[in-house]
Amino acid sequence: MVETDKVMRLETAVSRFMEDGAHMSIGGFTVNRNPMAAIYEIVRKGYRDLHLYAHSNGTGVDELIGAGCVGKLEIAYAGNGKTAPTCIRFRKAVQDGMLLVEDYSNFMMSLRFLAGAMGIPFMPTLSGLGSDITTTWGFSKAMRQADPKIVDQKLVIAENPFGRWGAAEKVVLVPAINPDVTFIHVQTADTMGTCRIDGLTFADVEQAKASRRVVVTCERLVDPGELRDHPEYNQIPFLHVSAVCHVPYGGYPTAVYRHYDYDADYLRAYAAAAKEEAAYRVFQKRHVYGVADHQALLDLVGAARLAAIQADPRTGYAVNMKRG
Amino acid sequence: MVETDKVMRLETAVSRFMEDGAHMSIGGFTVNRNPMAAIYEIVRKGYRDLHLYAHSNGTGVDELIGAGCVGKLEIAYAGNGKTAPTCIRFRKAVQDGMLLVEDYSNFMMSLRFLAGAMGIPFMPTLSGLGSDITTTWGFSKAMRQADPKIVDQKLVIAENPFGRWGAAEKVVLVPAINPDVTFIHVQTADTMGTCRIDGLTFADVEQAKASRRVVVTCERLVDPGELRDHPEYNQIPFLHVSAVCHVPYGGYPTAVYRHYDYDADYLRAYAAAAKEEAAYRVFQKRHVYGVADHQALLDLVGAARLAAIQADPRTGYAVNMKRG
Amino acid sequence: MTATDYSLREMMTLMAAREIQDGDIVFAGTGISMLAATAAKHINAPNSVLFFETGAIDSLVEELPLAVADPRVMYAAASNAGLLEAFATMQNRITGDRVIAILGAAQIDRYGNLNTTAIGDYHRPRIRFSGSGGGCDVASFVPRCIAFMQHEKRKFVQRLDYLTSPGQLTGRGARAAAGLRPGGVSVVITDKALMRLDPATGELYLDRYYPGVTIAEILDNMQFTVDTGTAREADPPTAAELGILRERCDPQRLILG
Amino acid sequence: MTATDYSLREMMTLMAAREIQDGDIVFAGTGISMLAATAAKHINAPNSVLFFETGAIDSLVEELPLAVADPRVMYAAASNAGLLEAFATMQNRITGDRVIAILGAAQIDRYGNLNTTAIGDYHRPRIRFSGSGGGCDVASFVPRCIAFMQHEKRKFVQRLDYLTSPGQLTGRGARAAAGLRPGGVSVVITDKALMRLDPATGELYLDRYYPGVTIAEILDNMQFTVDTGTAREADPPTAAELGILRERCDPQRLILG
Numbered sequence: 000m001v002e003t004d005k006v007m008r009l010e011t012a013v014s015r016f017m018e019d020g021a022h023m024s025i026g027g028f029t030v031n032r033n034p035m036a037a038i039y040e041i042v043r044k045g046y047r048d049l050h051l052y053a054h055s056n057g058t059g060v061d062e063l064i065g066a067g068c069v070g071k072l073e074i075a076y077a078g079n080g081k082t083a084p085t086c087i088r089f090r091k092a093v094q095d096g097m098l099l100v101e102d103y104s105n106f107m108m109s110l111r112f113l114a115g116a117m118g119i120p121f122m123p124t125l126s127g128l129g130s131d132i133t134t135t136w137g138f139s140k141a142m143r144q145a146d147p148k149i150v151d152q153k154l155v156i157a158e159n160p161f162g163r164w165g166a167a168e169k170v171v172l173v174p175a176i177n178p179d180v181t182f183i184h185v186q187t188a189d190t191m192g193t194c195r196i197d198g199l200t201f202a203d204v205e206q207a208k209a210s211r212r213v214v215v216t217c218e219r220l221v222d223p224g225e226l227r228d229h230p231e232y233n234q235i236p237f238l239h240v241s242a243v244c245h246v247p248y249g250g251y252p253t254a255v256y257r258h259y260d261y262d263a264d265y266l267r268a269y270a271a272a273a274k275e276e277a278a279y280r281v282f283q284k285r286h287v288y289g290v291a292d293h294q295a296l297l298d299l300v301g302a303a304r305l306a307a308i309q310a311d312p313r314t315g316y317a318v319n320m321k322r323g
Numbered sequence: 000m001v002e003t004d005k006v007m008r009l010e011t012a013v014s015r016f017m018e019d020g021a022h023m024s025i026g027g028f029t030v031n032r033n034p035m036a037a038i039y040e041i042v043r044k045g046y047r048d049l050h051l052y053a054h055s056n057g058t059g060v061d062e063l064i065g066a067g068c069v070g071k072l073e074i075a076y077a078g079n080g081k082t083a084p085t086c087i088r089f090r091k092a093v094q095d096g097m098l099l100v101e102d103y104s105n106f107m108m109s110l111r112f113l114a115g116a117m118g119i120p121f122m123p124t125l126s127g128l129g130s131d132i133t134t135t136w137g138f139s140k141a142m143r144q145a146d147p148k149i150v151d152q153k154l155v156i157a158e159n160p161f162g163r164w165g166a167a168e169k170v171v172l173v174p175a176i177n178p179d180v181t182f183i184h185v186q187t188a189d190t191m192g193t194c195r196i197d198g199l200t201f202a203d204v205e206q207a208k209a210s211r212r213v214v215v216t217c218e219r220l221v222d223p224g225e226l227r228d229h230p231e232y233n234q235i236p237f238l239h240v241s242a243v244c245h246v247p248y249g250g251y252p253t254a255v256y257r258h259y260d261y262d263a264d265y266l267r268a269y270a271a272a273a274k275e276e277a278a279y280r281v282f283q284k285r286h287v288y289g290v291a292d293h294q295a296l297l298d299l300v301g302a303a304r305l306a307a308i309q310a311d312p313r314t315g316y317a318v319n320m321k322r323g
Numbered sequence: 000m001t002a003t004d005y006s007l008r009e010m011m012t013l014m015a016a017r018e019i020q021d022g023d024i025v026f027a028g029t030g031i032s033m034l035a036a037t038a039a040k041h042i043n044a045p046n047s048v049l050f051f052e053t054g055a056i057d058s059l060v061e062e063l064p065l066a067v068a069d070p071r072v073m074y075a076a077a078s079n080a081g082l083l084e085a086f087a088t089m090q091n092r093i094t095g096d097r098v099i100a101i102l103g104a105a106q107i108d109r110y111g112n113l114n115t116t117a118i119g120d121y122h123r124p125r126i127r128f129s130g131s132g133g134g135c136d137v138a139s140f141v142p143r144c145i146a147f148m149q150h151e152k153r154k155f156v157q158r159l160d161y162l163t164s165p166g167q168l169t170g171r172g173a174r175a176a177a178g179l180r181p182g183g184v185s186v187v188i189t190d191k192a193l194m195r196l197d198p199a200t201g202e203l204y205l206d207r208y209y210p211g212v213t214i215a216e217i218l219d220n221m222q223f224t225v226d227t228g229t230a231r232e233a234d235p236p237t238a239a240e241l242g243i244l245r246e247r248c249d250p251q252r253l254i255l256g
Numbered sequence: 000m001t002a003t004d005y006s007l008r009e010m011m012t013l014m015a016a017r018e019i020q021d022g023d024i025v026f027a028g029t030g031i032s033m034l035a036a037t038a039a040k041h042i043n044a045p046n047s048v049l050f051f052e053t054g055a056i057d058s059l060v061e062e063l064p065l066a067v068a069d070p071r072v073m074y075a076a077a078s079n080a081g082l083l084e085a086f087a088t089m090q091n092r093i094t095g096d097r098v099i100a101i102l103g104a105a106q107i108d109r110y111g112n113l114n115t116t117a118i119g120d121y122h123r124p125r126i127r128f129s130g131s132g133g134g135c136d137v138a139s140f141v142p143r144c145i146a147f148m149q150h151e152k153r154k155f156v157q158r159l160d161y162l163t164s165p166g167q168l169t170g171r172g173a174r175a176a177a178g179l180r181p182g183g184v185s186v187v188i189t190d191k192a193l194m195r196l197d198p199a200t201g202e203l204y205l206d207r208y209y210p211g212v213t214i215a216e217i218l219d220n221m222q223f224t225v226d227t228g229t230a231r232e233a234d235p236p237t238a239a240e241l242g243i244l245r246e247r248c249d250p251q252r253l254i255l256g
């Protein structure tokens with residue numbers, strides 16, 4: 000493996016591209032392919048006042064909020080499948096007034112990343128007309144106008160300038176997002192930064208292309224030649240990537256298709272602990288603050304648990320894994 | 000191979016989904032992956048007054064125009080690589096006033112298909128501000144207003160409703176396209192209609208999703224199970240597809256990556272003939288009208304020529320093929 | 000043959016499954032909605048297409064997914080793309096008009112509007128929920144939506160605390176006036192009854208009450224009243240339906256409990 | 000060592016190649032522009048990234064493509080996507096600001112605006128060309144554009160018949176007033192000279208004349224005049240440059256003729 004200026008340790012990448020107050024986004028969706036190793040490292044380093052953009056990045060969002068890293072959150076869905084229909088630390092932070100939230104829908108958030116990726120100021124959609132998403136703003140107008148990094152309007156409803164073309168009279172325009180930094184976890188990346196994602200991409204591709212800096216963690220780090228066999232399978236070309244970190248199990252405890260499943264035991268234990276302050280502190284101290292790095296968490300969890308979530312080669316997930 | 004209601008002969012699909020005056024689009028780009036078998040069948044059946052949407056679909060566009068099938072054309076680029084920097088029958092038809100043309104850019108046409116695919120009335124872009132593309136309209140306002148199938152305005156320039164967000168003061172809004180029917184040629188399709196394209200997709204995916212009907216021709220027609228191994232490599236799910244036709248060499252004389260190269264001899268001979276009326280009639284009579292179907296054209300061209308354009312398994316094209 | 004020994008959860012699941020027609024594109028969420036979509040596929044709509052907001056189309060669900068991003072939705076799908084492709088498929092009328100969606104909510108009003116965001120003041124809510132997810136998008140785009148609700152007074156409300164997913168907004172004509180295409184919640188399935196939305200009034204009406212449930216009991220557990228003039232008793236699950244649901248769709252009883 | 004036996008086509012190609020800096024993302028069209036991009040990659044900018052509007056990024060060009068959709072651009076690329084991704088990469092400032100583009104045109108004016116659409120009346124042109132293709136998009140988005148032109152009076156015109164690809168429009172400040180970001184044609188390379196666009200005036204000026212070409216000859220073959228005050232003679236191709244160009248970049252002489 001030849002080192003390049005992009006290949007670095009995760010700890011280095013987090014230090015280099017993160018800072019207090021950063022506008023950031025994370026890849027994945029609820030229990031799948033969250034960049035958990037990166038998130039735990041951010042939590043350990045204790046960044047504060049982060050402005051987090053998410054669609055439905057359940058596990059990662061709740062960890063960052065639970066650690067007190069997030070000051071402002073723009074989000075569509077803070078749930079985590081069966082273990083937490085509403086993410087528990089998120090709910091608590093909102094109900095306690097500790098977190099400023101701006102609500103959008105999943106499509107709106109995806110479109111906002113797409114607009115950022117495409118270099119346009121907004122995207123139109125027909126979603127949300129008549130809803131409180133359009134009328135109720137979590138970030139006040141005054142706050143928006145005072146902060147040049149936040150767009151002045153949550154969204155704009157406009158007449159269709161093409162009459163009734165497309166069977167639409169009105170459109171909702173949602174503003175572009177260009178995060179300072181985005182973290183994603185992928186199955187395969189090469190040393191130049193090109194990524195190949197197996198299974199669903201969620202909004203990772205748009206998030207990466209919208210972002211000024213992109214830190215990729217990967218299960219497999221390969222020479223560029225390997226991914227050049229089928230360029231049509233590489234969703235993120237290296238142009239967009241700032242750092243590549245080889246972190247096997249970097250998505251754990253969320254699932255990484257064709258590699259491993261989510262760890263239902265871990266997610267349930269997290270959710271149980273999250274319900275109560277003292278228990279949460281104990282759980283996080285043991286699993287996050289008390290370990291030096293992601294490998295130490297994996298060692299703590301143990302080989303048996305990792306063996307139990309190994310993906311079946313046919314289906315890409317752990318067949319008959321106990322999840323109930 | 001199990002037949003389904005979507006699997007049919009190309010002749011059947013063309014008859015079923017085409018009619019005079021249809022608004023249509025074709026996949027591919029200049030000398031690559033044009034749905035040539037379908038185009039030749041459309042030419043043979045003699046459809047007229049077609050409204051053709053194209054970005055840079057060189058070979059196919061020129062064949063349809065040369066046959067007198069096209070009444071109105073919305074296009075970004077009518078060239079065909081080295082053999083015809085400007086497509087010859089296109090140039091002639093425009094200069095003779097036989098064809099009404101509306102000019103856009105490649106990005107604008109791609110965005111228009113994307114808007115159609117996404118179900119929104121328009122897409123914004125920062126392209127073209129200050130250009131004659133925005134100010135000079137090929138289709139008059141009166142003609143546009145008289146025809147409900149044509150949008151009232153070629154495009155609209157609007158202020159950015161989010162102030163200077165995205166470093167843009169103004170945007171160009173380009174209207175959605177939803178063709179009645181789109182023809183594409185792909186390497187692999189299954190009997191349900193799901194498609195897997197090797198190499199560049201150009202705008203085929205957006206064109207297909209924007210279209211009310213989609214006719215797919217394919218090099219390989221497979222059982223659905225075969226494409227389910229890697230769902231992430233299938234760009235067009237069957238939901239969008241109306242007909243699947245198994246037509247090996249269906250892109251000939253344009254290239255189909257990993258299958259065969261363009262036939263430089265054929266394209267040169269076409270361009271030479273296209274320069275002169277009588278020669279063009281002779282050439283087209285021999286190669287298009289004079290053959291019963293695409294297989295008959297391939298038989299006429301002969302095995303030696305097809306052997307010469309066979310793709311090399313390593314590169315996906317015909318290495319050291321004489322092209323000069 | 001009808002069964003007598005079934006849970007309300009099973010009844011709800013099968014009531015939803017029966018709404019799905021063969022060939023429908025079925026937008027499924029998590030939990031009971033995913034189970035209903037799976038049940039329809041196995042029972043009455045074998046050619047229905049399972050479809051998830053995460054981007055998976057026609058997944059081969061061998062094990063019940065516990066989230067729409069569960070890797071179990073990725074296996075043997077026709078296509079694994081992303082959120083943009085999924086929502087575009089619904090926003091695009093060519094495909095979107097063939098979609099039937101299954102949603103859940105914390106609150107619903109007489110016009111079929113849904114709240115999945117918050118109870119109390121939005122800025123400092125008494126209870127905060129997950130938020131829209133794809134709910135607002137789906138209710139904006141899709142002509143037929145099934146809402147799953149627990150039949151409780153605090154859930155069938157006079158006025159939503161927050162309107163997350165648009166139904167008929169303030170009633171007949173309001174949806175079109177807002178610029179939305181026809182759609183939103185058309186069916187509500189609870190643990191007591193099935194209600195439908197009357198396009199003529201823009202309001203819900205009682206269509207079916209479950210065996211053993213009285214109309215009074217239904218109305219007593221709602222803050223608003225609905226027309227009950229055409230209500231009839233629902234057919235209970237058949238033994239065949241229950242067998243498939245229990246043995247093929249959720250053998251681990253992950254959702255059925 | 001400089002060579003004395005070279006064609007003007009070779010000179011033009013190498014003048015363009017020299018404009019490309021290591022690490023640039025090089026947007027290449029067909030013909031001579033693709034050859035110049037390939038030459039830069041082999042001669043002076045090994046880490047430049049070849050990039051095509053069809054969606055191929057960092058292609059391994061073993062044989063010279065004859066079109067941007069030639070399968071030769073697909074081989075061993077970092078990514079094969081489509082038109083939308085390609086143009087978005089340029090419209091997106093994060094990546095777009097790193098792009099240098101090479102374009103051709105039928106007409107150019109003093110402000111670096113290009114015509115690739117038609118000569119004569121647009122609606123019934125005397126000569127119709129291919130149209131914008133990606134030209135308008137690239138000139139709208141990209142900070143540095145090289146235009147290849149034959150140095151002829153009918154091509155360097157007072158007024159374009161059709162403005163396809165925006166340069167500085169009507170001069171200094173006009174581009175920003177129209178809503179365009181900074182960019183458009185910054186260098187013009189002809190068979191006689193290299194001109195640059197002066198940001199201070201928004202107009203072209205003569206920077207280099209080729210060995211053996213006089214300034215008078217340059218101005219005589221244009222409809223408008225340009226500032227020649229700082230013009231110097233261009234360095235002719237080196238033997239090394241020519242060797243690589245001829246032997247590695249276009250051994251079949253598909254473009255060099």
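Residue numbers (numbering that gives the first Met the number 0), protein chains in the order written: chain A, 0 to 323; chain B, 0 to 323; chain C, 0 to 256; chain D, 0 to 256.
Every residue gets a Cβ at the ideal spot worked out from N, C-alpha and C, and that includes glycine.
Remember, it's a predicted structure, so these values are computed and weren't measured experimentally.
Report task. Tell me, please, whether the CB atom of Arg111 of chain A is closer than 8 Å to any CB atom in chain D? Result -> no
**Report entry** CA nearest to the CA of Tyr208 of chain D, picked from D:Gly22, D:Glu216 and D:Thr88
**Finding:** D:Glu216
Query - Supposed close pair Ala66 of chain D, Thr29 of chain D - CB separation, criterion 8 Å - result: 6 Å
Query - Buried versus exposed call for Ala145 of chain B [16 or more other C-beta atoms within 10 Å across all chains shown] - result: exposed
Report task. Give a yes or no on whether 8 Å exceeds the smallest Cβ distance from Tyr5 of chain D to chain B. Result -> no
Report task. Compare the C-beta of Cys135 of chain D against all C-beta atoms of chain B and say whether one is closer than 8 Å. Result -> yes
Requested in this report: Can you check DSSP and say which residues form a bridge with Tyr39 of chain B?
Outcome: Answer is none; Tyr39 of chain B lacks a bridge partner.
Query raised in the report: Can you find a C-beta in chain D that's less than 8 Å from the C-beta of Asp102 of chain B?
Result: yes
Query raised in the report: CB Pro165 of chain D to CB Leu128 of chain B, shorter than 8 Å?
Result: yes
Query raised in the report: Do the stretch 219-228 of chain A and the stretch 43-58 of chain A meet, that is, are 3 or more Cβ pairs less than 8 Å apart?
Result: no
Query - DSSP three-state assignment for Val1 of chain B, whether helix, strand or coil - result: In this prediction, Val1 of chain B scores a pLDDT of 46, lower than 50, which makes its location untrustworthy; the coordinate-derived value is nonetheless stated afterwards. In this structure, Val1 of chain B counts as coil in the three-state DSSP scheme.
Query - Three-state secondary structure (DSSP) of Leu13 of chain C - result: helix
**Report entry** Gly211 of chain D, buried or exposed, once every other Cβ within 10 Å from all chains shown has been counted against 16
**Finding:** exposed
Query raised in the report: Could one say the Cβ of Glu231 of chain A lies closer than 8 Å to chain B's Cβ atoms, at least one of them?
Result: yes
**Report entry** Local Cβ density within 10 Å of Val173 of chain A, reported as buried at 16 or more and exposed below that
**Finding:** buried
Query raised in the report: Which residues in the same chain as Ile42 of chain C place their Cβ atom closer than 7 Å to its Cβ, once the five residues preceding and following it in sequence are excluded?
Result: Ala16, Glu240 and Ile243
Query raised in the report: Given a threshold of 16 other Cβ atoms within 10 Å of its Cβ, counted over all protein chains shown, does Val281 of chain A qualify as buried or as exposed?
Result: exposed
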